[in-house]
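Using mature numbering (1 follows the signal peptide of the UniProt record, and there is no 0), the letters of the sequence shown map in sequence onto residues -29 to -1, 1 to 371.
Worksheet: the structure to be examined is printed underneath.
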Amino acid sequence: MPVPKPSSISGIPAALLSILLLAGPVAHAAGPLRVGDAVLEPVAPEDLPGFPGADPAAALDAFRRVCAAPAPAMPATVTGDAEALAAACGQAAAVAPREAGAFFRTRFDAYRVVRPADGTNPERRRGFLTGYFEPELEGAREPGPGYTAPVLARPDDLVSLAPGETRPGLDPGLRAARAAGDAFEPYPDRAAIEDGALSAHTKPLLWLRDTVDLLVLQVQGSGRVRLPDGTSVRVLYDGRNGRPYTAVAKLIVQEGHLPLEGLTLARWTAWLRANPETGRRLIRANASYVFFRLSDVADPALGPPGASGASLSPGRSLAVDANLWRYGLPFWLEGRLPGGDAEAGRLVVAADTGSAIVGPARGDLYLGTGQAAGAQAGDLRDAAGFVVLLPKAPSSKPRP
């Protein structure tokens, strides 16, 4: 059923008003604001060392990109007032780069994400941050010597489930299904797909060198593929089979093949290629399987579109738990970050999500394209403080 267009906020570009079609703000009971198992502890911007960072204008650019993208549907329980965020988006359009820091200081309220005690640990004021990137791979449009791993298009019988959505008779932990008459059944796992279970429902878009490159592409969710004629295409996420994700690198360590210390992407992928039989078994133990679509590389400086619909900004776009946080919310990450030199923290913007990104103080930072970005992403597995910036409500509406 069509939703009427909102008209209560003037001066906001029409593209931004789509944000208002989302569910309203979370209703908070009296007492501290809560997100998941965390409490949001108010903090003054001047009490955040280094805030708003050396280049807040870069965060402003990333924020504007999310504002301009068509807003995806999100669960009604996410934190972040949709109307207040739309108002901030409208104001951001007129902010000069030199005024970016003042915009984030005055237009938002800062809250540190504090989780309860865990075992012998007291309250935890730090979360966990990892990094991801867009790999550059070699491929071809047809199979042949050196190109043996198909990149599959989205199958015509795949039913993807939104966060929080379930289907009758289906395990609530599964995030996709296959229609079976009037019912639904689990979608085939990786092993079954590799054995041809989807041959009548999908087709290869491209062919990569091997299943290791395909695994890297699927773990990162997108990539650029260089073809034999020298041209490149971008391969974008277009759904997955909804099965639980298992980290193959973790399995390699658990079985004692490689130590955790010093484990890099280059090292564990090289081990898989050097041990093809065991490697195939471990790869197939990851039941999750990702499907793709092709796109041109419109702006080489930007990454692929995130789940927010906005192109990802290297070092500024953050993947968050989309069951908890609204896309477009700025976060101040406390701690040393790749490329940050002496920065005490960095302003980033929620623009993406991932199946392994779960919880209010868990993030995955997009770091760019290619080998150098991949090395940075592999090295980023650190504790970090998470401070969310919630947009202040428009003056005509009291803050809940």
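Beta carbons: idealized from backbone N, C-alpha and C, even for Gly.
Owing to the predicted nature of the structure, the values given are computational and were not obtained by experimental measurement.
Item                                                                                                                                                             : Value
Between the segment 302 to 311 and the segment 354 to 366, are three or more C-beta pairs nearer than 8 Å?                                                       : yes
Take G213 and list the residues in its own chain whose beta-carbon comes closer than 6 Å to its own, dropping the five residues that flank it on each side.      : L145, R146, A147, Y158
Output needed for R138: all residues of its chain with C-beta closer than 6 Å, excluding positions within five of it in sequence on either side, in chain order. : A148, F155
Helix, strand or coil for T48 per DSSP?                                                                                                                          : coil
May I ask you to report which of helix, strand or coil DSSP gives V358?                                                                                          : strand
Going by CA-CA distance only, name the one from R112, W242, L31 that's closest to D200.                                                                          : R112
At 4 residues or longer, what runs of the alpha helix (DSSP H) sit wholly inside the segment 240 to 317?                                                         : 247 to 255
Along the beta strand (DSSP E) that carries V224, what are the first and last residues, could you check?                                                         : Not the beta strand (DSSP E): V224 falls in the alpha helix (DSSP H), residues 219 to 225.
Taking contact to mean at least 3 C-beta pairs separated by less than 8 Å, is the segment 175 to 188 in contact with the segment 82 to 102?                      : no
Whole angstroms is fine: what's the gap from P68's alpha carbon to F22's?                                                                                        : 16 Å
Per DSSP, A321 is paired with what?                                                                                                                              : L289
Distance check for E314 and A25, CA to CA, integer angstroms please.                                                                                             : 7 Å
Does the count of Cβ pairs from the segment 113 to 125 and the segment 342 to 355 closer than 8 Å reach three?                                                   : no
Counting only the same chain and skipping the five closest in sequence on each side, list residues whose C-beta sits under 7 Å from that of G117.                : R180
When we look at the beta-carbon of D89 and count the other beta-carbons within 10 Å, is it buried (16 or more) or exposed?                                       : exposed
Output the distance between the C-alpha atoms of E109 and Q342, rounded to the nearest integer angstrom.                                                         : 13 Å
Using 8 Å as the threshold, is the segment 37 to 48 in touch with the segment 278 to 287, meaning 3 or more CB pairs across them?                                : yes
Report the residue from A59, A237, R255 whose alpha carbon sits nearest the alpha carbon of I164.                                                                : R255
Tell me which residue opens and which closes the alpha helix (DSSP H) that E70 is part of.                                                                       : That residue, E70, is in no alpha helix (DSSP H); it is neither H nor E in DSSP.
Taking D52 and P331 to be in contact with their CB atoms under 8 Å, please state how far apart those CB atoms are, rounded to whole angstroms.                   : In fact, because the Cβ distance is near 17 Å, the residues do not count as touching under 8 Å.
Give me the Cβ distance between V85 and E12, rounded to the nearest whole Å; I'm assuming they're in contact under 8 Å.                                          : 5 Å
Tell me whether G233 sits in a helix, a strand or coil according to DSSP, three-state version.                                                                   : coil
Nearest to G316 by alpha carbon, out of L100, L231, R197?                                                                                                        : L100
Do you know how far the Cα of F262 is from the Cα of L19?                                                                                                        : 41 Å
Any idea which residues DSSP pairs D128 with across the strands?                                                                                                 : Its beta-bridge partners do not exist; DSSP assigns none.
In three-state terms, what does DSSP make of R161?                                                                                                               : helix
So L336 and L351 are supposed to be a Cβ contact under 8 Å. How far apart are they, rounded?                                                                     : 7 Å
Just to confirm, is the Cβ distance from L338 to G102 under 9 Å?                                                                                                 : yes
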